[in-house]
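S.K.: Numbering of the sequence shown is given in the working numbering, commencing with residue 5 and proceeding in unit increments. No residue lacks a Cβ here, since even glycine has one placed at the ideal position from N, Cα and C.
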Amino acid sequence: MWKRGFFFGAGVVALLMGTAVSAAPPNPPSGVEIVAKVDGLTIDRTEFEAAAARASRQKFYHGKVDDAKLAEFRREQINEIITERLLMKEAERRKLRPDLDDVERKLAEYETRYKDSEQWAANRARILPELKARMIENSQRAALEREVRAVPPPSKEQLEKYHRDNAKLFTEPERDHLTVILLKVDPSSTKDVWASAFEEAERIRQKIKSGTDFGELAKLHSADESAARGGDMGYMHHGMLAPAAQAAIDTMKVGDISEPVELLQGYGLFKLVDRKPATLRPLDQVSERALDLYRRQKGDESWAALAEYLRKKATIWISPDLTPTAAAAAK
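Written out as structure tokens, the structure is:
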């Protein structure tokens, strides 16, 4: 089987892994090993192993995986295939039709792209029907997803509640207005060179403390691109700087000058010019983003709920070699 359609993320797969399945195995056709059955639709060993192999190459491309992780991965794969079958059946039940014009357009693009390929010419007659079938399924699945995710627009009260409940999504983080003097040192320099740069940074720091203007000294000594602006870096969000610099700035108050901070590119002196605390932006300033995030979340919930509902009412059997043992499930 060609693995097709829209797939669920790890969280939804984990949710579906707990679905109860029937205890009695189906009666497979002679010579065909069935690994799963869902409402009369069978999944045979050959198609499952082909789909699992393709997915495994994508997920475990970095190398060998241990047996426990591989077994869990294979259980996830059979559950994804089962869910795909159920979603396809639901699309048929709702009489959702594929966009055949779009399918033909995409097939024409394949024909154009590979028209000079000998391999395509040799295998076209075999590949094209499978490719078209996959595209038709994808188109039907897309129609189902659009319909399920088309949640009603929220009321004013619902959007206000979403804004309150998800304040972190709409909060502008703390920002520090900084100036810097960077004394550049090549990372491969000797300890003596680094020590000399540190001493120079200390001398500059003492001049600043004695009243010399930070900006003028930045123009004279700094190797940072901000030197022409008197070292002005503007407002920086937390985490934008190197960890050593951020750690130093976190301990500072407005007006403070840092001690020399060792950075990858040399020693830095920082001045905290201003600090703006984290601020929740009001809904009227972020209404479009709030609406987009609300619709996306509700759409995700609706899509996951459909999958869960379809599995709960389906009769499912999975081969024992793809289901966890009682001992494994108890861990």
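Go ahead and label ARG145 buried or exposed: buried means 16 or more other beta carbons lie within 10 angstroms of its beta carbon, across all protein chains shown.
M.R.: By the 10 Å Cβ count, ARG145 comes out buried.
S.K.: Distance check for ALA147 and ARG101, CA to CA, integer angstroms please.
M.R.: Going by the C-alpha atoms only, they are around 8 Å apart.
S.K.: Below 8 Å on the Cβ atoms is my guess for PHE274 versus ALA309; work out the distance and round it to an integer in Å.
M.R.: That belief does not hold up - the Cβ atoms of PHE274 and ALA309 are roughly 50 Å apart, past 8 Å.
S.K.: Within its chain, find whatever has a CB closer than 7 Å to the CB of VAL17; leave out the 5 residues flanking it on each side and keep chain order.
M.R.: Note that VAL17 scores a pLDDT of 29, beneath 50, so its modelled location is shaky; the value from the coordinates is reported in the next line. Same-chain partners within the cutoff: GLU80, ASN83 and GLU84.
S.K.: Would you tell me roughly how many angstroms separate the C-alpha atoms of LEU287 and ALA252, rounded to the nearest one?
M.R.: So the two alpha carbons sit approximately 34 Å from each other.
S.K.: Please classify TYR313 as buried or exposed, where buried requires at least 16 other C-beta atoms within 10 Å of its C-beta.
M.R.: That one is exposed.
S.K.: What residue does the beta strand (DSSP E) around LEU163 start on, and which one ends it?
M.R.: No beta strand (DSSP E) holds LEU163; the alpha helix (DSSP H) holding it covers 160-169.
S.K.: Tell me whether ARG89 is buried or exposed, calling it buried when 16 or more other Cβ atoms sit within 10 Å of its Cβ.
M.R.: It counts as buried.
S.K.: Looking only at its chain, what residues have a beta carbon closer than 6 Å to the beta carbon of ASP228, apart from the 5 residues adjacent to it on each side?
M.R.: Only VAL184 and LEU186 meet the Cβ criterion.
S.K.: Tell me whether the beta-carbon of PHE174 lies closer than 8 Å to the beta-carbon of ALA294.
M.R.: Yes, the Cβ-Cβ distance between PHE174 and ALA294 is below 8 Å.
S.K.: Which residues bound the alpha helix (DSSP H) around PHE218?
M.R.: Here the alpha helix (DSSP H) through PHE218 covers 218-225.
S.K.: Between VAL39 and ARG49, which are expected to be in contact by the criterion C-beta below 8 Å, what is the C-beta distance as a whole number of angstroms?
M.R.: That pair is a contact at about 5 Å.
S.K.: Is ILE212 helix, strand or coil by DSSP?
M.R.: ILE212 falls in the helix class under three-state DSSP.
S.K.: By the three-class DSSP mapping on this structure, what secondary structure does LEU273 have?
M.R.: Looking at LEU273 - three-state DSSP - the assignment turns out to be strand.
S.K.: Exposed or buried, what is HIS66 when buried is set at 16 or more other beta-carbons lying within 10 Å of its beta-carbon?
M.R.: Exposed.
S.K.: Under three-state DSSP, which class holds VAL69?
M.R.: Three-state DSSP puts VAL69 in coil, outside helix and strand.
S.K.: Need the endpoints of the beta strand (DSSP E) that GLU266 sits in, please.
M.R.: From DSSP, the beta strand (DSSP E) with GLU266 extends over 265-267.
S.K.: Span of the beta strand (DSSP E) holding THR183?
M.R.: From DSSP, the beta strand (DSSP E) with THR183 extends over 179-188.
S.K.: Under 8 Å, do MET237 and SER226 count as touching if we go by C-beta distance?
M.R.: For MET237 and SER226, no; Cβs fall outside 8 Å.
S.K.: Using the Cα positions of LEU135 and ALA112, report the straight-line distance between them to the nearest angstrom.
M.R.: So the two alpha carbons sit approximately 12 Å from each other.
S.K.: Relative to the alpha-carbon of GLN269, which residue among ALA201, ILE261, LEU224 and LYS211 has its alpha-carbon at the smallest distance?
M.R.: Per the Cα distances, ALA201.
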